[in-house]
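Numbering (the numbering used here), first residue to last: 555 to 978. Backbone N, C-alpha and C fix where the C-beta goes; we use that ideal spot for every residue, glycine too.
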């Protein structure tokens, strides 16, 4: 496992891990999402992730990747097959005798390419698991190991879409979209949605309005995904949506709060008169600079505000999910903003000064999925939503995980509807 190499710059992993405690007749699911941005962080990422895997001894594991192949995907994609083969054959995965791998490698198709990759591994002790065929509209028992790449549009076991071009800022194509798969375990049917939403292109533009124009773009795209997974084409099931949502804090409100007693200086370009920099200085204290804001600069003088008490004082500015409160549920956040961490291997806790720290990486679920999660009746903490490697550099995103249990047979009332237990 330690010999595995990653040949891409940006990677978002989502793991859903399923293990069983026979005495309680419970199944334990663990979701992990993270972003890898540099080769020299690979060892630390795998070490921390597989520590979690080893601790929970999963039966079902899903890995969802964004920017698979990295930003320089034309050069890096040739290494993807090697990575996949080494992952499948690694000692850490030897107990997983069934696997499904879906890789969007067709970077020459601009209108379809999303750079998304989804991996699913089934432990040998997990006896019955079924995957939905969206074309045949029936569940099929999962056997063996299969890898699909190139054109995923023709693969019936998933739905993959790139967002419509008019959803993209200035209608410029980028690799944003989603992949959906559907599974049934112990009569519980649910969708797993791998998602990558739009980022903030400019801190200055994000600061102009509250909410920002970028927030509106993400709102539209996420609404599109949710509408697609609950439309009338298929039976409705519970769903989990997680990945890089690129959710950001309300920049205008954050700056007004952090710099409430500061005066603002505006710097404009000499040739265009365009605002290129904002400088916020304390009114006294020798006019100390508190914040410098540029298109790709967010340099606040005291990063502790984002780390103290896990940054929870700033959660009031995390507002993008609120418009979906009737459709999506998230456990309480008790970890620091997951982005943008320094990529310097010696600065595992330090944020870069490129963007305002934010909780970009999230694990969300439908309200019906929430009902599948069991809370312990004793003192044991069963449901955990947290991050991994707080002191370790893993790139600019910290891994985030959700650990919970569902009761075996919790979905029996809908088993006949979804035919989860019938081999097709």
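Query                                                                                                               : Result
Element boundaries [beta strand (DSSP E), containing residue 743]                                                   : 742–750
Close beta carbons around residue 922, own chain, < 6 Å, minus the five adjacent residues each side                 : 792
N-terminal and C-terminal residue of the beta strand (DSSP E) that residue 778 is part of                           : From DSSP, residue 778 is part of no beta strand (DSSP E) but of the alpha helix (DSSP H) over 767–783.
Three-state secondary structure (DSSP) of residue 877                                                               : helix
Whether residue 914 touches residue 732 by CB criterion (8 Å)                                                       : no
Segment contact, 8 Å Cβ cut-off, at least three pairs: the region 890–905 with the region 819–831                   : no
Between the CA atoms of residue 607 and residue 620 - distance to the nearest angstrom                              : 21 Å
Per-residue burial, residue 775 [other beta carbons within 10 Å of its own, 16 or more giving buried]               : buried
Same chain only: Cβ atoms within 6 Å of residue 691, ignoring 5 sequence neighbours per side                        : none
CB of residue 738 within 8 Å of CB of residue 702, strictly                                                         : no
For residue 661, three-class secondary structure by DSSP                                                            : coil
Residue span of the beta strand (DSSP E) that contains residue 699, given as start and end                          : 699–702
Rounded straight-line distance, which links the Cα of residue 817 to that of residue 746                            : 47 Å
Buried or exposed (CB count within 10 angstroms, at least 16 for buried), residue 718                               : exposed
Closest Cα partner of residue 753 within the set 660, 723, 953 and 832                                              : 723
DSSP three-state assignment for residue 812, whether helix, strand or coil                                          : helix
Assigned exposure category for residue 805 - 16 Cβ within 10 Å defines buried                                       : buried
Helix, strand or coil at residue 576 according to DSSP, with G and I counted as helix                               : For residue 576, the predicted structure reports a pLDDT of 30, less than 50, and the residue's modelled location is therefore unreliable. The matter cannot be settled from this model.
Three-state secondary structure (DSSP) of residue 794                                                               : strand
Backbone CA spacing between residue 900 and residue 705 [nearest angstrom]                                          : 40 Å
Sequence-distant residues of the same chain with beta carbon closer than 6 Å to residue 908, five excluded per side : 850 and 894
Reduced DSSP category for residue 930 - H, G, I as helix; E, B as strand; rest coil                                 : Caution applies to residue 930, whose pLDDT of 44 falls short of 50 and renders its modelled position unreliable; the value that the coordinates give is listed next. If DSSP states are grouped into helix, strand and coil, residue 930 belongs with coil.
CA nearest to the CA of residue 780, picked from 762, 918 and 830                                                   : 918
Pairwise C-alpha distance: residue 664 and residue 524                                                              : Because the chain is modelled from 555 through 978, residue 524 falls outside the range shown and cannot be assessed.
When 772, 878 and 712 are compared against residue 744, the one with the closest alpha-carbon                       : 712
Rounded separation between residue 861 and residue 912 - CA only                                                    : 11 Å
Residue nearest to residue 905 in terms of C-alpha spacing, selected from 883, 843, 856 and 815                     : 856
Distance between residue 936 and residue 959 (C-alpha atoms, nearest Å)                                             : 7 Å
For residue 727, three-class secondary structure by DSSP                                                            : coil
Simplified DSSP state of residue 673, which is helix, strand or coil                                                : strand
Rounded separation between residue 814 and residue 876 - CA only                                                    : 25 Å
Start-to-end residues for the alpha helix (DSSP H) that takes in residue 760                                        : 757–762
Alpha-carbon spacing of residue 727 relative to residue 674, whole angstroms                                        : 28 Å
Residue 685 classed as buried or exposed, judged by whether at least 16 other C-beta atoms fall within 10 angstroms : buried
Where residue 602 sits in the DSSP three-state scheme                                                               : helix
Sub-8 Å separation of residue 794 and residue 916 beta-carbons                                                      : no
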